[in-house]
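Numbering follows UniProt numbering, in which position 207 of the sequence shown is assigned residue number 207; successive positions increment by one, without gaps.
A short worksheet on the structure shown next.
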Amino acid sequence: MTSISRRRFMAGTGIGLGGLALPLGFSAAAHGSENMRFDEYRKQDATSLAGLLAGGEVSAAELLELAIARTEQVNPTLNAVVLKHYDLAREQLKAGRPVGPFGGVPFLLKDLGVSMAGTVTTQGSRMFRDAVAQQDDPYMRKVREAGLVVFGKTHSPEFGNCPSSESTLWGKTHNPWQLNRSAGGSSGGAAAAVAAGIVPVAHASDGGGSIRMPASACGLFGLKPSRGLVPIGSGDTDVRGGLSAQHVISRSVRDSAAMLDCLAWRKPGRALAKQDSQGRYLEQLHRQPGQLRIALLAAPLQGGELEPECRKAAEQAAALCAELGHVVEEITPELDLEAAGRASGLVSMVSLAQSVALREHQLGRIATEADLEPVDWQMLGWGRQVSAVDYNNGVLALRRAGHDMEAFLQQYDLILSPTMPHLPPPLGTITMDLPVQEFGALAGRMSSLTSVYNITGQPAMSVPLYWSEDGLPVGVMFAGRFGEERTLLRLASQLEQARPWFSRVPEIV
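The following block contains the structure:
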C-alpha cells in the first residue's frame, strides 16, 4: 500500500526549446583522399558512423585506428581501458567489414560479467586476472550480430560492487570532466571512454545504478533496461537475483535505442512481449510521448537528502517537462523498501560467493584474503553462510517491492529524480579497503536513488540535462513501468531536442 502528498509542479519561465542535437555529417569526398580526423570522428554517434561505413565514406579499419589512437592518447590520464584487444580487432577486419546494423563501428566491453571467446575478463579481481573465456556468451553474440568491433575492455571495480571505479587490480578511473573526481561505478571505465571520445557507445551493466551513475557523472545518456530484456551472463535472467541488467552508455539517445533493438531478446518473456506491438525501439524517437503524468521525488525512496545542485537539476528538469506539456507533481511516496533493501544486499553476497566458488573450482584452490578486496572478502564470508531459505525469502522480498511499485505507478507514467543524491565524489572517497560498515554507508547513499529500480526490475534512464556551477554533469533520472522502455525513449528524444547535449564534451586532450 502507498500514500503520497502532492504539490503541482508548474512550468517555469525562460526555458527555451533548442534544436535537435544531431551528430554532424562527414564526407570523405569533401576532404579529397584525407582520412577522417579525430575532431570529425567525435562529432558522430555510432548510428552516423554506421551510415558512413555503409556508404563507403570511411572504412572500418580507419575508424578502429582512430579509436585506438584516441585510447593511447587519453588512457594514460583516464585509466578507462584496462584490457586491449587491438590485434584481435585488426584481425577481425581482415575478413572485411562485419555485417550488421553497426557493421564496423568500434566498441568496448566492460571488464565484468561478459565472455568474449579467447579473451580475459577479470571481473576487476586479482583472482580472475587470467580467466580466459572459452566461448562467447549471449550478449557477446548479439554484439557480433550487430557488427560491432570490440578492441578492448573498460575498468570495473571488483565484481561491480563499488559505485566508484577504483580497484587494487586496475587502479582508479578518472572523470574526464574533473580528473580528481570519480567517473562513477561500476561502469566508470565505459563512461569515461565515451565521454573522452574513444567510442560513441560502450557496453555497460547495472546491478544497483552502474549504468546510470557513471552516465550521470560523465554527462552521458544511460538506460537500464527492464529485468530480462537484454541477455546477461549465460542467458539466465535471474543473475544476481535479477538485480543486474546489461545495455550500453552512449552520447545520443538514438544510439541507445538502436543498440537495444540489436541487444534485446528477439522473443522476450511474456511480461515484456506485450510491448512489442509498439514497434522497434529506434522508431519511438519519431513518436511524441503524449502528455505524461510524472512524479517528482522530494527525497530518495531509501532515505537521505539531496545536495542542492542535484535537487536543482531535478527541479529544472521538472520545469522543462511541464513546459513540454507533461503534468509533474512533487510527491513523497510511502513505499516500504527496508526489507527489499536488506534482501538486495543478501542476494548480492550470495552472487559473490557463487562467482568465487566457480573460480575456486577452475583454479583448483580455495580463495584467500589476498585474492579479493577487503570489502568483498568480508561479503564472501557472509554470503557463504546464507541458507537457501533466506535466499529465497530475499528474492521474494524483491518481487514484493516490484509489485508495490507497480501499484504506485498506476497513478503515474514516470518517476523523476536526480540520478545521484550528490555530485561525483573525489577519487579515494569510496574504496573497497574501507571498513565494511563505512563503505556500506557511503555506497548505499550514492546508489540510494538508482538501486530502487534494480530491486523492482523497472527500466530507468539517466539524462544529461544539467551541469553544476563548477562544470560537473548532474544526471536526471526517469523510471517507467516494467517493460515500458518505449515511453522512456520517446521522452528522452523530446528532452534531447529541447536541451541538446551532444556537442557538450569535456576538454580533455
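Think of the CB as a built atom: it goes at the ideal place given N, C-alpha and C, for glycine as much as any other residue.
Checklist entry - When you compare each of Trp170, Ala217, Asp206 to Gly184 by their alpha carbons, which one comes out closest? => result For the purposes of this step, residue 184 is identified with residue 184 of the sequence shown, where counting begins at 1. Answer by Cα proximity: Ala217.
Checklist entry - What does a CB cutoff of less than 6 Å around Thr173 pick up in its chain, not counting 5 residues either side in sequence? => result Counted from its first residue, the sequence shown places residue 173 at position 173. Asn79, Ala80, His155, Ser165, Ala183, Gly188, Gly189, Ala192, listed in sequence order.
Checklist entry - In terms of residue numbering, what span does the beta strand (DSSP E) encompassing Phe439 cover? => result Mapped onto the sequence shown, residue 439 falls at position 439. Per DSSP, Phe439 belongs to no beta strand (DSSP E); it is in the alpha helix (DSSP H), 436-446.
Next on the checklist: For a test of the three-state rule: what should DSSP assign to Val474, helix, strand or coil?
Outcome noted: As a working mapping, residue 474 is identified with position 474 in the sequence shown. In this structure, Val474 counts as strand in the three-state DSSP scheme.
Item to check | Length at least 4, wholly inside the region 357-396: the alpha helix (DSSP H) runs in chain order | outcome: 374-383
Checklist entry - If you run the structure through DSSP and keep just helix, strand and coil, what is residue 598? => result It is not possible to answer for residue 598, since the shown part of the chain is limited to 1 through 509.
Checklist entry - CB-CB under 6 Å to Asp255, same chain, minus the five flanking residues each way: which ones, in chain order? => result Against the sequence shown, residue 255 aligns to sequence position 255. Excluding positions up to five away in sequence, the list reads Asp45, Ala46, Thr47, Val201.
Next on the checklist: Could you check whether Pro418 and Leu306 sit closer than 8 Å to each other, using their CB atoms as the reference points?
Outcome noted: Position 306 of the sequence shown, counted from the first residue, corresponds to residue 306. Position 418 of the sequence shown, counted from the first residue, corresponds to residue 418. Going by C-beta atoms, Leu306 is nearer than 8 Å to Pro418.
Checklist entry - Buried or exposed: Ser277, going by 16 or more other Cβ atoms within 10 Å of its Cβ? => result Counted from its first residue, the sequence shown places residue 277 at position 277. Exposed: under 16 other Cβ atoms inside 10 Å.
Item to check | Three-state class that DSSP yields for Gln458 in the structure shown | outcome: Working through the sequence shown from its first residue, we reach residue 458 at position 458. Gln458 falls in the coil class under three-state DSSP.
Item to check | the region 88-95 in contact with the region 215-235 per 3-pair CB rule at 8 Å | outcome: Between the region 88-95 and the region 215-235 there are fewer than three C-beta pairs closer than 8 Å, too few to call the two in contact.
Item to check | For Trp382 and Glu65, the rounded distance between their alpha carbons | outcome: One-based indexing of the sequence shown puts residue 65 at position 65. One-based indexing of the sequence shown puts residue 382 at position 382. So the two alpha carbons sit approximately 46 Å from each other.
Next on the checklist: Quick test of the definition: if touching needs 3 or more C-beta pairs under 8 Å, does the region 239-259 touch the region 450-466?
Outcome noted: Yes, the region 239-259 touches the region 450-466.
Next on the checklist: Can you look up Arg144 in the DSSP assignment and give me helix, strand or coil?
Outcome noted: Counting from 1 along the sequence shown, the entry for residue 144 is found at position 144. DSSP places Arg144 in helix when its eight states are reduced to three.
Next on the checklist: Beta-carbon within less than 8 Å of Gly421's beta-carbon, same chain only, minus the 5 sequence neighbours each way: which residues are those?
Outcome noted: Reading the sequence shown from its first residue, position 421 is the one you call residue 421. As written in the sequence, residue 421 is Pro, which differs from the Gly given in the question. Excluding residues within five positions, the ones whose Cβ falls inside 8 Å are Pro300, Gly304, Glu305, Leu306, Glu307, Cys310, Arg445, Met446, Ser448, Leu449.
Item to check | Beta-carbon proximity list for Ser186, same chain, < 6 Å, skipping 5 on both sides | outcome: The count along the sequence shown starts at 1 and reaches residue 186 at position 186. Counting only Cβ-Cβ distances below 6 Å, and skipping sequence neighbours, we find Ser156, Pro157, Gly160, Ser210.
Item to check | Glu369 versus Met349: straight-line alpha-carbon distance, rounded | outcome: The count along the sequence shown starts at 1 and reaches residue 369 at position 369. The count along the sequence shown starts at 1 and reaches residue 349 at position 349. Approximately 16 Å, taken between the alpha carbons.
Next on the checklist: Below 7 Å, is the gap between the Cβ of Gly222 and the nearest heavy atom of the ligand COA?
Outcome noted: Looking for the ligand COA in the displayed structure turns up nothing, as the structure carries no ligands at all.
Checklist entry - Which residue from Arg251, Gln178, Asp336, Ala195 puts its Cα closest to that of Phe408? => result Here residue 408 refers to the residue found at position 408 of the sequence shown. Closest option to Phe408, Cα to Cα, is Asp336.
Checklist entry - Ordered along the chain, which non-local residues of its own chain (more than five positions away) have a Cβ less than 6 Å from that of Cys162? => result Taking the first residue of the sequence shown as position 1, residue 162 is located at position 162. Closer than 6 Å at Cβ, skipping near neighbours: Gly185, Met432.
Checklist entry - Going straight from the alpha carbon of Gly219 to that of Ala257, what length do you get? => result Along the sequence shown, one-based indexing puts residue 219 at 219. Along the sequence shown, one-based indexing puts residue 257 at 257. Rounded to whole angstroms, Gly219 to Ala257 spans 18 Å at the Cα level.
Item to check | Rounded distance between the beta-carbons of Ala89 and Val149, thought under 8 Å | outcome: Taking the first residue of the sequence shown as 1, we reach residue 149 at position 149. Taking the first residue of the sequence shown as 1, we reach residue 89 at position 89. Going by Cβ atoms, the distance from Val149 to Ala89 rounds to 5 Å, so yes, they are a contact pair.
Checklist entry - Can you check whether the CB of Lys84 is closer than 8 Å to the CB of Asp111? => result Locating residue 111 in the sequence shown gives position 111, where the first residue counts as 1. Locating residue 84 in the sequence shown gives position 84, where the first residue counts as 1. No, they are not a contact pair.
Checklist entry - Unbroken beta strand (DSSP E) runs of length 3 or more, entirely within the region 205-235: which are they? => result 221-224
Item to check | CB-CB length for Gly124 against Ser167, believed under 8 Å | outcome: Taking the first residue of the sequence shown as 1, we reach residue 124 at position 124. Taking the first residue of the sequence shown as 1, we reach residue 167 at position 167. Taking C-beta atoms under 8 Å as the contact rule, Gly124 and Ser167 qualify, at a distance of about 5 Å.
Checklist entry - Using a Cβ-Cβ cut-off of 6 Å (strictly less than) and excluding sequence neighbours within five positions of Ala479, which residues of its own chain qualify? => result As a first step, residue 479 must be located in the sequence shown, where it is residue number 479. Taking Ala479 as the centre and dropping the five residues before and after it, the same chain places the C-beta of Ile415, Tyr453, Gln458, Ala460 closer than 6 Å to its C-beta, in chain order.
Checklist entry - From which residue to which residue does the beta strand (DSSP E) around Ala245 run? => result One-based indexing of the sequence shown puts residue 245 at position 245. 245-250 is the extent of the beta strand (DSSP E) around Ala245.
Checklist entry - For Gly152, which beta-bridge partners are listed by DSSP? => result For the purposes of this step, residue 152 is taken as the residue at position 152 of the sequence shown. Gly152 is bridged to Lys84.
Next on the checklist: Could you compute how far the alpha carbon of Val58 sits from the alpha carbon of Pro106?
Outcome noted: Position 58 of the sequence shown holds residue 58. Position 106 of the sequence shown holds residue 106. The C-alpha of Val58 lies about 13 Å from the C-alpha of Pro106.
Checklist entry - Are the beta-carbon atoms belonging to Val395 and Leu380 less than 8 Å from one another? => result Here the question's residue 395 lines up with position 395 in the sequence shown. Here the question's residue 380 lines up with position 380 in the sequence shown. No, the Cβ-Cβ distance between Val395 and Leu380 is not below 8 Å.
Item to check | Cut-off 8 Å between Cβ atoms - residues of its own chain near Arg504, not counting five sequence neighbours on either side | outcome: If you number the sequence shown from 1, residue 504 lands on position 504. For Arg504, the CB contacts under 8 Å within the same chain, skipping 5 residues up- and downstream, are Gly219, Pro464, Trp467 in chain order.
Checklist entry - So what does DSSP say about Ser355, is it helix, strand or coil? => result If you number the sequence shown from 1, residue 355 lands on position 355. Three-state DSSP puts Ser355 in a helix.
Item to check | The alpha helix (DSSP H) enclosing Lys267, as first and last residue numbers | outcome: What you label residue 267 is simply residue 267 of the sequence shown in a count that begins at 1. Where Lys267 is concerned, there is no enclosing alpha helix (DSSP H), given that its DSSP letter is neither H nor E.
Checklist entry - Do the CB positions of Pro214 and His247 come within less than 8 Å of each other? => result What you label residue 214 is simply residue 214 of the sequence shown in a count that begins at 1. What you label residue 247 is simply residue 247 of the sequence shown in a count that begins at 1. Going by C-beta atoms, Pro214 is not nearer than 8 Å to His247.
Item to check | Nearest residue (CA-CA) to Arg365, options Phe128, Ala196, Ala492 | outcome: What you label residue 365 is simply residue 365 of the sequence shown in a count that begins at 1. If we check each option's Cα against that of Arg365, Phe128 comes out closest.
Checklist entry - Taking DSSP as the reference, what is the three-state secondary structure of Phe102? => result The sequence position of residue 102 within the sequence shown is 102, counting from 1. Here Phe102 sits in coil by DSSP.
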